[in-house]
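Undergrad: Numbering (the numbering used here), first residue to last: 706 to 996.
One structure, pasted below without further comment.
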Ligand SMILES: [Fe+2]
């Protein structure tokens, strides 16, 4: 049994449209969805967090409307999880549990865990689990014991086509880039312990705005590039350089080699032009000529 997932992340649309860095999320999302319109045989669209740059319901509504129209045309579900920029109230008001059918109706079964928006659904035999790693006001991510226990209980019974786990904060990072450890999922080995020996085929994440893959134990982890901007790892490793360039991933599950990940890039003549350079050590943007 095979499944093909369009994996998007980090749309960062605000109530007024652009994000706090001035990047044009609505344009980036529309352009990307237009450019992937011919990708065949999609079964599911997943958006792994930072839906709304300002945490607003309006930002989430705009993403739901654009992604929902794409999904409805294809008759496939669309699934969302929270990111560090999201606020649970705004997310829930626009997206409910985050698991929506082709017609926009909820298909998710929410986790019975207080204070988080985690849920599970099944798409043609594939179990899709969203986790909520949001820590309000913080950039890093945490999964509490209750959420991990819920995940472990869900995974006790295998699904017909296995499972995917979707969360915003990657449980992996690039060791050579100093700022990354502090902003990803904390205590990733706790998640790794829960996933060991289960039917989870892949963990799908966002947050980094650049593609990245690694393993958590034996489970493949994929970090999809951002929609609103791409983070360009050519800057000095202490700095974060964001450039224009929406990307997404096609994830092929099952089959001979699954999970197979390939990235797609929106066609944009401005791709690669600088949006910001940010210094995490001081929490501010810095001028291009300072590095
Ligand atoms: Fe983001």
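Ideal Cβ placement from N, Cα and C applies to all residues, glycine included.
For the beta strand (DSSP E) holding residue 891, just list the boundary residues, first then last.
TA: No beta strand (DSSP E) holds residue 891; DSSP gives it neither H nor E.
Undergrad: Just to confirm before moving on: does the CB-CB distance between residue 826 and residue 833 stay below 8 Å?
TA: Yes, the Cβ-Cβ distance between residue 826 and residue 833 is below 8 Å.
Undergrad: Which value, in whole angstroms, describes the spacing of the CA atoms of residue 747 and residue 781?
TA: Roughly 8 Å separates the two Cα atoms.
Undergrad: In whole angstroms, what is the alpha-carbon distance linking residue 745 and residue 882?
TA: Between residue 745 and residue 882, the C-alpha separation is close to 36 Å.
Undergrad: When DSSP builds the beta bridges, which residues end up paired with residue 925?
TA: DSSP lists 920 as partners of residue 925.
Undergrad: With the cut-off set at 8 Å, would you say residue 719 and residue 764 are in Cβ contact?
TA: It is a contact, given that the beta carbons lie within the stated cut-off.
Undergrad: Report yes if the C-beta distance between residue 837 and residue 821 is below 8 Å; otherwise report no.
TA: It is a contact, given that the beta carbons lie within the stated cut-off.
Undergrad: Specify the secondary structure class of residue 739 as computed by DSSP and reduced to three states.
TA: Helix.
Undergrad: Taking contact to mean 3 or more Cβ pairs, one atom from each stretch, closer than 8 Å, check whether the stretch 720-731 and the stretch 895-913 are in contact.
TA: No contact exists between the stretch 720-731 and the stretch 895-913.
Undergrad: In its own chain, which residues sit with a C-beta less than 6 Å from the C-beta of residue 762, not counting the 5 before and 5 after it?
TA: 795, 798, 799, listed in sequence order.
Undergrad: Is the beta carbon of residue 803 closer than 8 Å to that of residue 835?
TA: Contact: yes.
Undergrad: I'd like to know if the stretch 934-953 and the stretch 902-909 are in contact, where contact means that at least 3 CB-CB pairs between them fall below 8 Å.
TA: Judged by Cβ distances under 8 Å, the stretch 934-953 makes no contact with the stretch 902-909, as fewer than three pairs qualify.
Undergrad: At a cut of 8 Å, does the stretch 949-958 reach the stretch 974-993 through at least three beta carbon pairs?
TA: Verdict: yes, contact present.
Undergrad: Does the stretch 914-928 come into contact with the stretch 865-882, if we say contact requires no fewer than three beta-carbon pairs (one atom in each stretch) closer than 8 Å?
TA: Cβ pair count under 8 Å is three or more, so yes.
Undergrad: Could you pull the start and end residues of the beta strand (DSSP E) that residue 826 belongs to?
TA: Its beta strand (DSSP E) spans residues 824-828.
Undergrad: Excluding the five sequence neighbours on either side, which residues of its own chain have a C-beta within less than 6 Å of the C-beta of residue 768, listed in chain order?
TA: Excluding sequence neighbours, residue 768 sits near 716, 718, 756.
Undergrad: Just to confirm my understanding: we take residue 943, look at its own chain, exclude 5 residues before and 5 after, and list those with CB closer than 8 Å. What are they?
TA: If we look at residue 943 and ignore the five residues flanking it on each side, its Cβ neighbours are 883, 884, 984, 985, 986.
Undergrad: Here's the rule: buried if 16 or more other CB atoms are within 10 angstroms of the residue's CB, otherwise exposed. What is residue 866?
TA: That one is buried.
Undergrad: Would you decide whether residue 886 is buried or exposed? Buried here means 16 or more other CB atoms lie within 10 Å of its CB.
TA: Exposed is the call here.
Undergrad: Any idea what DSSP makes of residue 765, helix, strand or coil?
TA: Looking at residue 765 - three-state DSSP - the assignment turns out to be helix.
Undergrad: Kindly indicate which three-state DSSP category residue 815 falls into: helix, strand or coil?
TA: Looking at residue 815 - three-state DSSP - the assignment turns out to be strand.
Undergrad: Near ligand 1, which residues have their beta-carbon less than 5 Å from any of its heavy atoms, given in chain order?
TA: Checking every Cβ against the heavy atoms of ligand 1 under 5 Å gives 715, 755.
Undergrad: For the alpha helix (DSSP H) that contains residue 796, what are its first and last residues?
TA: Taken as a continuous stretch (DSSP letters only), the alpha helix (DSSP H) holding residue 796 covers 793-800.
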